[in-house]
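Presented below is the structure to which this report refers.
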Amino acid sequence: MIDTIISFINDALYTYLLVILLIVAGIYFTVRTRFAQFRLIKQQFITISEKPSDSKKVSSFQALIVSTASRVGTGNIIGVSTALCLGGFGSVFWMWIIAILGGASAFVESVLAQIYKKKGNDGCVGGPAYYIQSALKSRWLAVIFSICLILTYAFGFNMLASYNLQSTFQNYDFYNPSVTPWIVGGICAVLVGYCLFGGGKRIIKISSLLVPIMGIAYVLVALIVTVLNIGALPSVFATIFTQAFDFKAIFGGISGSCLMYGIKRGLFSNEAGVGSAPNASASAEVSHPVKQGLSQILSVFIDTLLICSATAFMCMCSGVKPSESLSGAPYIQLALGTTLGDFGPIFITVAMILFAFTTLLGNLYYVDQTWLFLFKKQPPKWFLTVYRIVASLIIFVGAGLSAGLLWNIADVTMGLMAIINVPVILYLSKYAFRALKDYEKQVKEGKNPTFKAKDIDLPHPTDYWN
Numbered sequence: 093m094i095d096t097i098i099s100f101i102n103d104a105l106y107t108y109l110l111v112i113l114l115i116v117a118g119i120y121f122t123v124r125t126r127f128a129q130f131r132l133i134k135q136q137f138i139t140i141s142e143k144p145s146d147s148k149k150v151s152s153f154q155a156l157i158v159s160t161a162s163r164v165g166t167g168n169i170i171g172v173s174t175a176l177c178l179g180g181f182g183s184v185f186w187m188w189i190i191a192i193l194g195g196a197s198a199f200v201e202s203v204l205a206q207i208y209k210k211k212g213n214d215g216c217v218g219g220p221a222y223y224i225q226s227a228l229k230s231r232w233l234a235v236i237f238s239i240c241l242i243l244t245y246a247f248g249f250n251m252l253a254s255y256n257l258q259s260t261f262q263n264y265d266f267y268n269p270s271v272t273p274w275i276v277g278g279i280c281a282v283l284v285g286y287c288l289f290g291g292g293k294r295i296i297k298i299s300s301l302l303v304p305i306m307g308i309a310y311v312l313v314a315l316i317v318t319v320l321n322i323g324a325l326p327s328v329f330a331t332i333f334t335q336a337f338d339f340k341a342i343f344g345g346i347s348g349s350c351l352m353y354g355i356k357r358g359l360f361s362n363e364a365g366v367g368s369a370p371n372a373s374a375s376a377e378v379s380h381p382v383k384q385g386l387s388q389i390l391s392v393f394i395d396t397l398l399i400c401s402a403t404a405f406m407c408m409c410s411g412v413k414p415s416e417s418l419s420g421a422p423y424i425q426l427a428l429g430t431t432l433g434d435f436g437p438i439f440i441t442v443a444m445i446l447f448a449f450t451t452l453l454g455n456l457y458y459v460d461q462t463w464l465f466l467f468k469k470q471p472p473k474w475f476l477t478v479y480r481i482v483a484s485l486i487i488f489v490g491a492g493l494s495a496g497l498l499w500n501i502a503d504v505t506m507g508l509m510a511i512i513n514v515p516v517i518l519y520l521s522k523y524a525f526r527a528l529k530d531y532e533k534q535v536k537e538g539k540n541p542t543f544k545a546k547d548i549d550l551p552h553p554t555d556y557w558n
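Counting from 1 along the sequence shown, just add 92 to a position and that's the residue number in this note's numbering.
The structure is reproduced here in structure tokens:
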């Protein structure tokens, strides 16, 4: 019954509301920023190379890594494989579209997070809850958003990440469906719990070390597999575009179409507009809010256009035909095994361990920041201890649940976040556009851009930029 109810809500959200909301918002932000996601590529790389004035503070690069750690995860492997098996090759095209448009949404929400960030006990904090409260004067809506974020990142996404991780062991002889998921979930829960009790700084440090190594190795293997099967590329591209624009098939069964799977899995992976990455963006020490917005565009592109595409081409070029029975880990492991032999499935398992671990840490970093907002200060030690134990147990439980139920739960809770955040950033986006204009003016003058709230006629009080 629960599965049926969640599935119904999921279909209603994505079929009738979120698709329109995300695409319209993405197009609007893209036009109003004059295609900043492409036009300012050089500035994106300059921004992430800058160091904060205080070496103890979070740099733009570290904030990028934390947000990328959450974005780059099991969704880049299992999510893409699921989309290909259930939605077809055309879903890849719609993933690209949602990432390109989402880059502009990620820019706006991250600039707003920087503008409205607050002084915390250990640096600066911020995100949608803060700009909802500061700019809209709506504490109740900010609290609802915060609860949705906790449900999404401490429960929905982390249970799914744990399940996806254990599913990669299904191809091995030692796998026992009654025992192995719980063992994998238990080990993962203990490791994550250890990091959680070290606090946010340890999460940033571990993520900063693992994410670049993980991403580079994965893309390199994807390139090797694609080159080895390069003769299949023309037909792969032809199939992608043929299926993507088969509107008769799409509108004949939209909830299971390539359009819907592309948008769902693309949004699950890059989280643009959902309101998660701004929590990491606000923690960065930068001289101008636009700098952090630009780095978040890069994060979305790394996630979807690079890593999700890497997974897709590894699978599509292998010659293995996707099917519902292969959905998830089995499809990509079989695809790599066809090209690379025994190394393929082992590599995917190792990649999934790293992807899942950094996803879990990045997700719980967002939850830690949300508790600060809800309590208006550092939560009591006893509360944090209980929460971290529960968060670890959730990871353990998720490993043994149903894949379909977990995907639907994650999609619904993420969708609720987007339904709150996207209208808010549409309403407040004029301040992000003014900040962009101010930034570009200073760049043209040869300056290292700095920001003052009065320069964009910001009518709301801020802790910074005064």
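Note that CB positions come from ideal geometry on N, CA and C, so glycine has one too.
Values in this document were obtained by computation on a predicted structure and should not be read as measured data.
Kindly identify the DSSP beta-bridge partner or partners of residue i.
i, result
"C216", "K211"
Contact defined as beta carbons within less than 8 Å: I believe residue i pairs with residue j. What is the distance between those atoms, to the nearest angstrom?
i, j, result
"I517", "G248", "With 8 Å as the limit, I517 and G248 do not qualify as a contact, their Cβ atoms being about 22 Å apart."
"S183", "G354", "4 Å"
"L193", "I115", "6 Å"
"I170", "A336", "Not really, about 21 Å apart at Cβ, beyond 8 Å."
"I399", "Y458", "About 20 Å separates the two Cβ atoms, so there is no contact after all."
Under 7 Å between C-beta atoms, does residue i make it to chain C?
i, result
"P515", "Of the protein chains in this structure there is only one, and it is not chain C."
Among the options, which has the Cα closest to the Cα of residue i?
i, options, result
"A443", "A324, I394 and P304", "P304"
"L288", "Y523, T554, F488 and I481", "I481"
"S387", "V235, L252, L241 and Q129", "Q129"
"E363", "G167, Y208, F137 and I138", "G167"
"C177", "A527, Y531, Y458 and A427", "A427"
"A198", "F121, S419, N558 and G496", "F121"
"G81", "A253, L204 and T96", "This structure leaves residue 81 out entirely; the chain is present only between 93 and 558."
"A205", "K356, N213, P370 and C216", "P370"
"T174", "K143, A495 and P437", "A495"
"L200", "D549, N558, H552 and N513", "Residue identity check: residue 200 is Val in the sequence provided, not Leu. For V200, the nearest C-alpha among the options comes from N513."
"A374", "E537, S99 and V217", "V217"
"K211", "T451, I275, K468 and R131", "K468"
"L105", "Y519, S259, D549 and L508", "L508"
"L520", "K473, I445, L228 and L312", "L228"
"T451", "M251, E142 and M187", "M251"
"Y255", "I189, C280 and F475", "C280"
"L446", "A196, S391 and T260", "T260"
"I190", "K356, F127 and A324", "K356"
"G438", "G118, Q262, W186 and A510", "What sits at residue 438 in the sequence shown is Ile, not Gly. Here the closest residue by C-alpha is Q262."
Answer with buried or exposed for residue i, where buried requires no fewer than 16 other C-beta atoms within 10 angstroms of its C-beta.
i, result
"L315", "exposed"
"A221", "buried"
"F543", "buried"
"D434", "exposed"
"I424", "buried"
"E377", "buried"
"P541", "buried"
"E301", "Here the sequence assigns Leu to residue 301, which means Glu is not the residue at that position. Flag for L301 reads exposed."
"K539", "exposed"
"G470", "Residue identity check: residue 470 is Gln in the sequence provided, not Gly. Result: exposed."
"K209", "buried"
"G385", "buried"
"K383", "buried"
"I322", "exposed"
"M93", "exposed"
"G344", "Bear in mind that the predicted position of G344 carries a pLDDT of just 49, short of 50, making it too unreliable to give a figure here."
"W232", "exposed"
So, helix, strand or coil for residue i, using DSSP?
i, result
"A376", "strand"
"D265", "coil"
"G277", "helix"
"D503", "helix"
"Y519", "helix"
"W557", "coil"
"D338", "coil"
"V366", "coil"
"M251", "helix"
"M444", "helix"
"N540", "coil"
"M406", "helix"
"V282", "helix"
"G490", "helix"
"T331", "helix"
"Q470", "coil"
"L550", "coil"
"E532", "helix"
"R231", "helix"
"K356", "helix"
"Y108", "helix"
"I97", "helix"
"F127", "coil"
"K143", "coil"
Report whether the distance from the Cβ of residue i to the nearest heavy atom of the ligand PLP is below 6 Å.
i, result
"K536", "The ligand PLP is absent from the structure shown, which contains no ligand whatsoever."
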